[in-house]
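See below for the structure under consideration.
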Amino acid sequence: MGVSNPQDRRVASLLGATVTPEGICFAVWSGAAECVWVCLFDGTRETRLELKPEGEGVHALSVLGLKDGTRYGFRADGPYAPEKGLWFDPDKLLVDPYAVEIDHPYVYDARLAARRGEGGDTAALVPKAIARALPAPPPMQSPLFDPGGLIYELPVRAFSIRHPGVPEQDRGTLRALKAPTVIDHLKKLGVSAVELMPVAVWIDERHLGPLGLTNAWGYNPVTFMALDPRLAPGGLADLREAVSALHDAGIGTILDVVFNHTGESDAQGPTLSLRGLDAQAYYRHDAGGKLVNDTGTGNTLACDRPVVQQLILDSLRHFVRHAGIDGFRFDLAPVLGRDADGFHKDAPLLEAMRTDPLLQDRILIAEPWDIGHNGYQLGNFPPSFLEWNDRFRDDVRRFWRGDAGTVGALATRLAGSSDVFQRDGAVSRTVNFVAAHDGMTLADLVSYAGKHNEANGENNRDGHDENFSWNDGVEGETADPAVRARRDADMRALLAALFASRGTIMLTAGDEFGRSQRGNNNAYAQDNDLTWLDWAGRDAALEDFVAALSALRRAAPALQDTRFLTGRPEGGQEIPDVEWLTETGTALDDVTWQDPARHRLVMILRDGSVEGGRLAVLVNGDRRASTFVLPGREGYRWCAALEGGPAPGAAVPGRAVAFMVERG
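The sequence shown begins at 931 in the working numbering and counts up one residue at a time.
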């Protein structure tokens, strides 16, 4: 092993560990460290080599003779004053922020959070990064997803760990997504893209261990490029091969990424990577030196800093270039556009994502809220960003719960939420959903009037208090056939409203067959039967209903269209793009729209089928059945659009949505 410092800016400026034919160039950024070492590990034996300052905060060293697979970490020294955001401690082994692979998962240990001089060396506690010469990138292709399609939110481990059609050794991992039975299920549902919940390495929150719990969701990352070994035992190849298998089936892959905080947490948290390298630069602090907590997790990444922006952009490019990822969903996305003055839709990082040559055609989805000042930013992200629409979620739930005066809000949500998104153009950027990983499952929405998070060990204090849910007469599980029938009808109504809405829609894995978390609306720490999908006990009839809804949606251009409706004929058409009617076939007027007792609605869309006929969505939110009258058109007749649906002129059951299509 030899050392050189060739001042090769082209190589050394590549942060991380760059494997070359001669050896490995290590480079890391710290604007405040006085000394930085790379630590090479051969078994438990450690060799420390001091990196050389290259200017602009980069510390680098080329080490000759090292090979692919070398295990390494960093250490940094400098002033130690946590109250000022300075955490330098050479006893702390630090994971490379640009690591592409680590040798084992993180395990929280209190010694990782010890003050300088008090906790001892942490090398035995911290995973080692593995230097990898990445294979040639797969051929680039356009994203396999168009706005208006169906996104399927999927937690890799919980989705596959009990799947009987997945080889046992692949269950709980990304490799499960290649299984033919998994692909067949996704195709049956008409999934346009899967959205994988976080797959980057994460660490458990420090309070979970004493409770006997572990983080099941992954929203507590340490670094951003390395995949968690529990999900990807084969490293990046596992993700690349899963994406390729999905692409072969015509299904895109979106990664849920967390660039708003890290698992280093608050001032009592562990020192694992960014904190030990330069906490002042990587995290936001207030004027007094205290960590800003716009995320509720103890720290907030300083996304207005160039070094953080580069790290995030390089991470996104890494997954697009080397795994063929089609897009990204950004957790607590306002953080990406924040500086000391608040959120800015034209923030440099957001603009860079939209214009970067490698990223500009990718699907970008914002979760448009955090807990900081003015943290609710629904509708305020720049065009090309889609946004999770909690207004859709809540208004649809309130309508089906039976709240008074909600029919107008329902119509607005079905039509693409123009009140939220029309300010930026003629298309809706909404992502509609009625349930997601965070909150109650679809089945629990109609089975529990309140949350039941006792298993989380926080005396039911955690999770949202207002879920707009109901229990149909009995709280929780019941054998009462009447209650079960009402719940089944309500689930179908919620699903039908989702699939009848314009814009992109999202379904969370397992909701298509009635999964339950027994009322737990914050199951992030339940890596057990509570969240693992029960494939053997799934509701096959409900699953078939979802598949039929999806097929109807794919055959109806009007439902996949993201343009805002006008209510007028356009482009030489003779009929308007939408009509809003009562069940008697009369147009809704101002008085009718405002009627607090109204729970029925008809939406007629012009481009309702490939044959050119209209599509009628008949919404009966009342518990009483009702006959709906639809306007006729010469040369066409109304037919049931779904098998088993009511015939034209027949009553639509209470608490139901029916679909009619015109055929010539």
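Think of the CB as a built atom: it goes at the ideal place given N, C-alpha and C, for glycine as much as any other residue.
Residue range of the beta strand (DSSP E) that includes residue i
i: E1509; result: 1508-1511
i: D1234; result: First-last for D1234: undefined, no H or E at that position.
i: L1084; result: 1080-1084
i: L1107; result: L1107 -> no beta strand (DSSP E), and no H or E assigned at all.
i: L1535; result: 1530-1535
i: R1126; result: Sequence check: residue 1126 is Leu here, not Arg. Per DSSP, L1126 belongs to the beta strand (DSSP E) from 1123-1126.
i: L1386; result: Residue 1386 is actually Asn in this sequence, not Leu. N1386 -> no beta strand (DSSP E), and no H or E assigned at all.
i: K982; result: 982-985
i: T1438; result: 1434-1438
i: L994; result: 988-994
i: V958; result: 953-959
i: T1514; result: No beta strand (DSSP E) contains T1514, which DSSP labels as neither H nor E.
i: F1260; result: 1257-1260
Residue i, DSSP secondary structure in three states
i: H1252; result: helix
i: F1429; result: helix
i: F1363; result: coil
i: T1342; result: helix
i: L1479; result: helix
i: W1523; result: helix
i: A1379; result: coil
i: D938; result: Residue confidence is low: D938 scores 37 on pLDDT, short of 50, so the model does not pin down where it sits. Its coordinate-derived value is still stated next. Of the three classes helix, strand and coil, the one that applies to D938 here is coil, per DSSP.
i: P1583; result: coil
i: I1242; result: helix
i: L1141; result: helix
i: D1007; result: strand
i: K1014; result: helix
i: V1037; result: coil
i: S902; result: A question about residue 902 goes unanswered here, because the residues of the chain that appear run from 931 up to 1594.
i: V1357; result: strand
i: Y1566; result: coil
i: E1396; result: coil
i: R1595; result: Because the chain in this structure spans residues 931 to 1594, residue 1595 falls outside the shown range and cannot be described.
i: P1576; result: coil
i: A1455; result: helix
i: F1443; result: helix
i: A1217; result: coil
i: A962; result: coil
Start and end residues, alpha helix (DSSP H) containing residue i
i: P1110; result: 1110-1118
i: A1373; result: 1372-1375
i: R1331; result: 1320-1331
i: G1206; result: 1204-1212
i: V1350; result: 1348-1351
i: L970; result: Where L970 is concerned, there is no enclosing alpha helix (DSSP H), although the beta strand (DSSP E) it sits in stretches over 965-972.
i: A1488; result: 1487-1490
Nearest residue (CA-CA) to residue i, options the options
i: A957; options: R1160, L981, L1231; result: L981
i: R1001; options: A1486, L1463, F971; result: F971
i: R1046; options: A1581, D1325, D1021; result: D1021
i: V1121; options: A1088, L1064, P1067, T1183; result: T1183
i: L1064; options: A1253, N1550, Y1082; result: A1253
i: H1529; options: D1134, A1197, G1335, S1203; result: G1335
i: G1008; options: V1086, G961, C969, H1215; result: G961
i: L1518; options: E1504, G1501, L1161, G1497; result: G1497
i: A1088; options: I1133, N1145, W1318, A1044; result: N1145
i: Y1082; options: T1052, I1113, G1102, R1567; result: I1113
i: G1449; options: F1363, V1404, P1085; result: V1404
i: T1111; options: L1176, V968, D1395; result: L1176
i: L1424; options: G1467, V1364, R1483, A1409; result: V1364
i: P1068; options: A1167, L1016, I1091, F1329; result: A1167
i: E1013; options: R1483, L1279, L996, V1222; result: V1222
i: L1375; options: V1337, D1324, D1354; result: D1324
i: M1436; options: E1297, S1399, G1515; result: E1297
i: L1241; options: M1155, G1218, M1370; result: M1155
i: R1136; options: H1303, A1106, S1195, H1191; result: S1195
i: G1139; options: E1509, D1537, A1455, T1522; result: A1455
i: L1471; options: A1415, G1579, D1234, Q1503; result: A small correction: the amino acid at residue 1471 is Ala; Leu does not occupy that position in the sequence shown. Checked all of A1415, G1579, D1234, Q1503; the closest Cα to A1471 is A1415.
i: I1301; options: N1401, T1103, T1230; result: T1230
Next on the checklist: What ranges does the alpha helix (DSSP H) occupy inside the region 1144-1193, keeping only unbroken runs of at least 4 residues that lie completely in it?
Outcome noted: 1166-1178
Checklist entry - Residue ranges of each alpha helix (DSSP H) run of no fewer than 4 residues wholly in the region 1269-1316, ordered along the chain? => result 1278-1285
Next on the checklist: Closer than 8 angstroms is the cut-off here; do at least three beta carbon pairs connect the region 1248-1258 with the region 1275-1294?
Outcome noted: yes
Checklist entry - For the 8 angstroms Cβ check, are there 3 or more pairs between the region 1092-1100 and the region 1027-1041? => result no
Checklist entry - With contact counted as at least three CB pairs below 8 angstroms, one residue from each stretch, are the region 1110-1127 and the region 1066-1083 in contact? => result yes
Checklist entry - Do the region 1329-1346 and the region 1384-1392 meet, that is, are 3 or more Cβ pairs less than 8 angstroms apart? => result no
Next on the checklist: Tell me whether the region 1460-1470 and the region 1309-1324 touch, counting them as touching only if at least three CB pairs, one residue from each stretch, are closer than 8 angstroms.
Outcome noted: no
Next on the checklist: Between the region 1351-1361 and the region 1438-1445, can you find at least three pairs of beta-carbon atoms closer than 8 angstroms?
Outcome noted: no
Checklist entry - Is it true that the region 1264-1280 meets the region 1202-1211, where meeting means three or more beta-carbon pairs spaced less than 8 angstroms apart? => result no
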